[in-house]
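Each residue of the sequence shown is one higher than the last, beginning at 1 in full-length UniProt numbering.
In this text, a Cβ means the ideal position worked out from N, Cα and C, and glycines have one as well.
Step one of this worksheet: look at the structure below.
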Amino acid sequence: MAENHTTNITAFRKKWNINIGIVIFGVVFIYLLVTVLMYLTSKHISAYEVREGSILKDNAYTGLAIRNEEVVTAGQSGYINYFVSEASKVGAKTKVYSLSPKQLEFNDTVSTDSQELTAEERDSIYLKAQSFSENYNGSSFNEVYSLRDEISSVLESKSNQSRQAQLDEMVQAGTDGLQVFNAQSDGVILYSTDGYENLTVSDVTADMLSKKKYNSVNIKNNSKVNSGEAIYKLVKDDDWSLVIPLDDKTAKNLADTKSVKVQFTKDQVKERASFQVYSAKNTNLGILTFHTSMVRYAKDRYLDIELILEDESGLKIPKSSVTKKDFYLVPENYLTQGGNSKETGVLIHNDSDDAQFKKVDVYYRDTETGMVYLDPNAFDKNTTLIKPDSTETYKLKKTKSLQGVYNINKGYAVFKQIHILCESDEYYIVESGNSYGLANYDHIALVGKDVRENDIVY
Numbered sequence: 001m002a003e004n005h006t007t008n009i010t011a012f013r014k015k016w017n018i019n020i021g022i023v024i025f026g027v028v029f030i031y032l033l034v035t036v037l038m039y040l041t042s043k044h045i046s047a048y049e050v051r052e053g054s055i056l057k058d059n060a061y062t063g064l065a066i067r068n069e070e071v072v073t074a075g076q077s078g079y080i081n082y083f084v085s086e087a088s089k090v091g092a093k094t095k096v097y098s099l100s101p102k103q104l105e106f107n108d109t110v111s112t113d114s115q116e117l118t119a120e121e122r123d124s125i126y127l128k129a130q131s132f133s134e135n136y137n138g139s140s141f142n143e144v145y146s147l148r149d150e151i152s153s154v155l156e157s158k159s160n161q162s163r164q165a166q167l168d169e170m171v172q173a174g175t176d177g178l179q180v181f182n183a184q185s186d187g188v189i190l191y192s193t194d195g196y197e198n199l200t201v202s203d204v205t206a207d208m209l210s211k212k213k214y215n216s217v218n219i220k221n222n223s224k225v226n227s228g229e230a231i232y233k234l235v236k237d238d239d240w241s242l243v244i245p246l247d248d249k250t251a252k253n254l255a256d257t258k259s260v261k262v263q264f265t266k267d268q269v270k271e272r273a274s275f276q277v278y279s280a281k282n283t284n285l286g287i288l289t290f291h292t293s294m295v296r297y298a299k300d301r302y303l304d305i306e307l308i309l310e311d312e313s314g315l316k317i318p319k320s321s322v323t324k325k326d327f328y329l330v331p332e333n334y335l336t337q338g339g340n341s342k343e344t345g346v347l348i349h350n351d352s353d354d355a356q357f358k359k360v361d362v363y364y365r366d367t368e369t370g371m372v373y374l375d376p377n378a379f380d381k382n383t384t385l386i387k388p389d390s391t392e393t394y395k396l397k398k399t400k401s402l403q404g405v406y407n408i409n410k411g412y413a414v415f416k417q418i419h420i421l422c423e424s425d426e427y428y429i430v431e432s433g434n435s436y437g438l439a440n441y442d443h444i445a446l447v448g449k450d451v452r453e454n455d456i457v458y
């Protein structure tokens, strides 16, 4: 019988080797997963970069020009030719025009090169065409003819110097029947009439302001005129006015305004004008009185302008970023510095009658009232403050709201007070240089009402 051999075999549990790479990957994966989940479930704050800017608040109008104008008529019939360019200043002894029994013949001695328009002349034609295009109304087709005449006047001015020289030669040569006439008085000469030369403010009607029945007649060189017909007019005063229509609300808002800044659309020139509101029949009128620039706009009966009622510069922010926040009002003399630090804070009265220093952030300092604005979230309810070096106390109770935005430069929201200077439909211009406010290139929350103090920005 075979013997049984017993074998002692000890089973060892397999040793578990930890792979450090897998551990690190797992930690990173969990971190990324948590971050993504937090991003997906949290509210997102859109940022806006604060930049310096300005807001020009204006109101566009078309104004009717009223000047001291004198119409001069022909003393006899004939063909008229002018010695001076339109919108030139003339004196009582200045040769202005000639009359002849028949049309005069002028030699075209102007070279092709000199006939090219200058940049100023091209700009003049462009501005006239642009103004016509922007303000065209199908019911006022007669304005097409006015535009045609105005452009023709610019083009014809290229040959004026040559014509005037030839006209002088004809006078000196004693051309049969050619008569020369001087200006009746001093003034700026214009070769168009429209029937509005003797107009006063009280005569202005809504139809006049809308140009519905407006018609201007331009007198051209070598054209036939009859005795008694208007041949030119003189503007005899540097003072002139523009009349604009005002709605009831604007008339009320501007009732106490004595002067305004005006920008002329024609050439973007800005002028200051005296201003008054005039109540006419069935309409309100704004009367703008100028003491300069009469010659510049002498040819224009109607002028497109903008009243610049606000022109402020500062930091430009969107209206959507502005919100309000409540703060405790605390007398400034309750602020102190704690211990060996230079941190600003207050002394809080606790149950053991001791004073405990608490660091605080000052959101605004009102120099007129001597009050500072502190965040209510930094204090417990019914907190009492102790005045430094005194037994006086102040219970936190009185609050007041400030208008401001949330600064997110540091990755979390911090309320910043603002002072609004002016506004447009979408933006505010706020004060810069305020130690409690914003600075150029700050980043703020685009929608302020959706943000709270210390919100993390993702």
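Under DSSP, the beta-bridge partners assigned to T283 are A280.
DSSP, reduced to helix, strand and coil, places K95 within a strand of the structure shown. Remark: C-beta atoms of K387 and T393 approach each other more closely than 9 Å.
A direct Cα-Cα distance of roughly 13 Å separates A251 from K258.
For Q76, same chain residues with a beta-carbon under 6 Å away, outside a window of 5 residues either side, are S227 in chain order. Distance from L315 to L64 at the Cβ level is roughly 40 Å; contact not present, criterion being Cβ atoms closer than 8 Å. Assignment of L307 by DSSP, reduced to helix, strand and coil, places it in the strand class.
Taking the CA atoms as reference points, K128 sits about 27 Å from V72.
Y441 and A280 have their C-alpha atoms some 50 Å from each other.
Taking the Cα positions, K299 is about 7 Å away from A87. In this chain, the alpha helix (DSSP H) harbouring D207 covers 206-210. In this structure I348 is in contact with K358, their Cβ atoms being roughly 5 Å apart against a cut-off of 8 Å. In the structure shown, Q417 falls within a strand segment according to DSSP collapsed to helix, strand and coil. Contact annotation: I66 and Y278 have beta-carbon atoms that are not nearer than 9 Å.
Boundaries for D248: no beta strand (DSSP E) harbours it, while the alpha helix (DSSP H) harbouring it runs 248-253, taken from the DSSP string.
Of all alpha-carbon atoms in I287, S54, G437, the one lying nearest the alpha-carbon of V204 is that of I287.
Judged by their CB atoms, I408 and V362 are not nearer to each other than the 9 Å cut-off. Taking the C-beta atoms as reference points, I80 is found no nearer than 9 Å to I189. Of all alpha-carbon atoms in D450, N68, S390, the one lying nearest the alpha-carbon of L199 is that of N68.
Nearest C-alpha to K397 among P376, T391, K416, K410: P376. Taking each of E343, V346, A355, E332 in turn and checking the Cα distance to T369, the smallest one comes out for E332. Contact check between the region 267-276 and the region 228-240: fewer than three CB pairs, one atom from each, fall below 8 Å, which does not count as touching. Look at the beta carbons and you see the region 289-297 not touching the region 25-32: under three pairs across the two are nearer than 8 Å. In this structure, T265 sits away from E312, with a CB-CB distance that is not shorter than 9 Å. DSSP places M371 within a strand segment (E or B) once states are collapsed to three.
Ranking V96, V346, L40 by CA distance to the CA of L374 puts V346 first.
Restricting attention to A445, S98, T336, the CA atom closest to the CA of K224 is found in S98. For L438, the closest alpha carbon among the candidates V201, Q417, V36 is that of Q417.
For the region 335-406, the continuous beta strand (DSSP E) assignments of 3+ residues that do not extend past its boundaries occur at 344-349, 355-359, 362-366, 371-374, 384-386, 393-395, in sequence order. The distance from the Cβ of Y412 to that of T62 is about 53 Å, inconsistent with a contact at the 8 Å cut-off. Taking the CA atoms as reference points, F106 sits about 16 Å from G177. Of the candidates T384, S216, W240, the residue whose Cα lies closest to the Cα of D354 is T384. The Cβ atoms of V322 and V372 do not sit closer than 9 Å to each other. Shortest Cα-Cα distance from M208 to any of D239, S185, D238, I244 involves I244. Assigned with DSSP and collapsed to three states, K233 falls in strand.
At a Cβ-Cβ threshold of 9 Å, M294 and V235 count as neighbours.
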